[in-house]
Amino acid sequence: MLENGSIYDPCNNKNIKGAILLQNGIIKDVGKFTPPKNVKRINCQGKIVAPGLIDIHSHFREPGREDKETLATGALAAFSGGFTRVCVMPNTNPPLDSPESIRFILEKAADLPIHIFPIGAITHRQEGLEITEIGEMVQAGAVAISDDGLPVQNGHVMRNA
1 MLENGSIYDP CNNKNIKGAI LLQNGIIKDV GKFTPPKNVK RINCQGKIVA PGLIDIHSHF
61 REPGREDKET LATGALAAFS GGFTRVCVMP NTNPPLDSPE SIRFILEKAA DLPIHIFPIG
121 AITHRQEGLE ITEIGEMVQA GAVAISDDGL PVQNGHVMRN A
């Protein structure tokens, strides 16, 4: 049981007084209730208790710039900050512009402490000229497409994307 923390309900944008009862990792009750006897109590005084945060625009540098950040180090940093889900942008080296690159991210992220969702590039190498295999990237697991701030140079390509 988590008690004495500030429980935040983002769906209703309010703080709840009370506690959170967990059973086998599943929330069973929130608010004011009579806890079971011999329940393990965790004092959350001075802490905010909330659902995991989601970052829809993250820059992890794998593949290509593992000297700056890997999926593992980025995942640990996100987890430490309360994030449980992260969308990674395609501006890696090489960019996430193929179904194979999307699968690479998902396979490397499978055992990490957070969920990592890859965003595929709109254009090959993010050069803004030639459309990628968007449908195949989505089938492989891409959750969105973006050239991450880089312009799509061809209006026809953008319309087809």
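First residue of the sequence shown? That's 1 in the UniProt record's numbering, and the numbers climb one at a time after it.
Every residue, glycine too, gets a C-beta built ideally from N, C-alpha and C.
All values reported here derive from a predicted model rather than from experimental measurement.
- In the DSSP assignment, L106 falls within the alpha helix (DSSP H) that extends over P99 to A109.
- Of the candidates A144, L129, A142 and E136, L129 places its Cα closest to the Cα of G155.
- D9 is bridged by DSSP to K14.
- The straight-line gap separating the alpha-carbon atoms of G141 and T92 is approximately 17 Å.
- Taking a cut-off of 8 Å for Cβ pairs, the segment 95–104 and the segment 36–53 do not touch, as fewer than three such pairs fall below it.
- Contact between R125 and P90 does not hold, since their C-beta atoms are separated by about 10 Å, which reaches or exceeds 8 Å.
- Counting along the chain, T84 sits inside the beta strand (DSSP E) bounded by residues F83 to V88.
- Secondary structure note for G31: its beta strand (DSSP E) is the uninterrupted segment I26 to G31.
- Between I54 and F83, the beta carbon gap of about 7 Å places them in contact (Cβ cut-off 8 Å).
- Rounded to the nearest angstrom, the gap between the Cα atoms of M1 and S146 is 42 Å.
- Secondary-structure assignment with DSSP links A19 through a beta bridge to E3 and G31.
- Only residues of its own chain outside the window of five on either side were considered, and among them L53 have a CB closer than 8 Å to the CB of G81, listed in chain order.
- Under the three-pair Cβ rule at 8 Å, the segment 17–27 does not count as touching the segment 55–67.
- Residue range I134 to A140 is occupied by the alpha helix (DSSP H) that includes I134.
- Beta-carbon to beta-carbon, A75 and P113 are separated by about 6 Å, close enough to satisfy the 8 Å threshold.
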